[in-house]
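Reading through the structure tokens given below for one structure.
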Amino acid sequence: DVKVTQSSRYLVKRTGEKVFLECVQDMDHENMFWYRQDPGLGLRLIYFSYDVKMKEKGDIPEGYSVSREKKERFSLILESASTNQTSMYLCASSLVGIANIQYFGAGTRLSVL
Amino acid sequence: AQKITQTQPGMFVQEKEAVTLDCTYDTSDPSYGLFWYKQPSSGEMIFLIYQGSYDQQNATEGRYSLNFQKARKSANLVISASQLGDSAMYFCAMRSANSGNTPLVFGKGTRLSVIA
Chain A
1 DVKVTQSSRY LVKRTGEKVF LECVQDMDHE NMFWYRQDPG LGLRLIYFSY
51 DVKMKEKGDI PEGYSVSREK KERFSLILES ASTNQTSMYL CASSLVGIAN
101 IQYFGAGTRL SVL
Chain B
1001 AQKITQTQPG MFVQEKEAVT LDCTYDTSDP SYGLFWYKQP SSGEMIFLIY
1051 QGSYDQQNAT EGRYSLNFQK ARKSANLVIS ASQLGDSAMY FCAMRSANSG
1101 NTPLVFGKGT RLSVIA
């Protein structure tokens, strides 16, 4: 079974803190993704990566950065957390190809106080 | 640009009845894939069913089927014989073939509540 593991289910941080959300997949997938989910807005893409050290901006990259030093690991970084970044963050991975399923982690619910 | 529209924020269905969740999409690419995911209250996203734009038949997976009407650009999910465990958020998503690396684009979702 494909497994996408997010390091934390719940996080509470203070405004201005640097926050790292980690994601690891075990199926040698080329693609990895970070989405943000808010009520009524669905899933919005923050960043994705199609190879080690490669990254592409999604729809809402402002205030975020990413790192992919190894194929299996994709990190989302909030350089200076703000209250409007309180949200559910979902990591996903997939093989290349139109029909390939995106597999998701369990999500990290981040609260910024 | 790709776009997914789910017009039903919430729906109720009686247990054992069938329910249709609507999804319309917009893309200029002739080759694309359509996906449905389920998200229970626990938060994980569960893949349900896939339909390719060139597939001749509607996709089916157990109690799930996809009513694909290409000319109308609709890809409705049909759940037959609803169960209490079907209560969840349901998301329609698509990916076009202009690049195989393209992430899925999601709709805003429909919350389904199954009533005993």
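From first to last, the protein sequence lines are chains A and B. Per our numbering, the first sequence starts with residue 1, numbered consecutively. Per our numbering, the second sequence starts with residue 1001, numbered consecutively. All C-beta atoms in this analysis are idealised placements derived from N, C-alpha and C, irrespective of residue type, glycine included.
Using a CB distance cut-off of 7 Å, A:L43 counts as an interface residue toward chain B.
DSSP places A:L21 in the uninterrupted beta strand (DSSP E) bounded by 19 to 25. Using a Cβ-Cβ cut-off of 7 Å, B:E1061 does not count as an interface residue toward chain A, since no Cβ of chain A sits closer than that to its own. Assignment of A:Q85 by DSSP, reduced to helix, strand and coil, places it in the helix class. For A:M54, there is no enclosing beta strand (DSSP E), as DSSP marks it with neither H nor E.
Of all residues in the region 74 to 93 of chain A, those with a C-beta nearer than 8 Å to a C-beta of chain B are M88, L90, A92, reading in chain order.
Contact of B:F1068 with chain A is not assigned, every C-beta pair being separated by 7 Å or more.
Shown here for A:S8: same chain residues with a beta carbon closer than 6 Å to its own, the five before and five after excluded, namely T108 in chain order. Contact check for B:L1066 against B:Q1051 passes: the beta carbons are separated by less than 7 Å. Between A:S75 and A:F33, the CB-CB gap reaches or exceeds 7 Å.
For B:R1095, the nearest beta carbon of chain A is closer than 7 Å to its own beta carbon. Bounds of the beta strand (DSSP E) holding B:V1078 are 1074 to 1079. A:N31 is the residue among A:N31, A:R36, A:Q37 whose C-alpha sits nearest the C-alpha of A:K55. Between B:V1105 and B:L1084, the C-beta spacing is not below 7 Å. The C-beta of A:L113 has fewer than 16 other C-beta atoms within 10 Å across all chains shown, which makes the residue exposed.
Cβ neighbours of B:N1098 within its own chain (closer than 7 Å, five residues either side excluded): D1029. Per DSSP, reduced to three states, the secondary structure at A:L90 is strand.
Counting of Cβ neighbours within 10 angstroms places A:L41 among the exposed residues, the total staying below 16.
With 16 or more other CB atoms across the displayed protein chains lying within 10 angstroms of its CB, A:Q102 is buried. Taking a contact to require three or more Cβ pairs closer than 8 Å, the region 1015 to 1026 of chain B and the region 1070 to 1087 of chain B qualify as touching. Under DSSP, the beta-bridge partners assigned to A:R109 are A:Y10, A:M88. When secondary structure is reduced to three states using DSSP, A:G16 falls in the coil class, being assigned neither helix nor strand.
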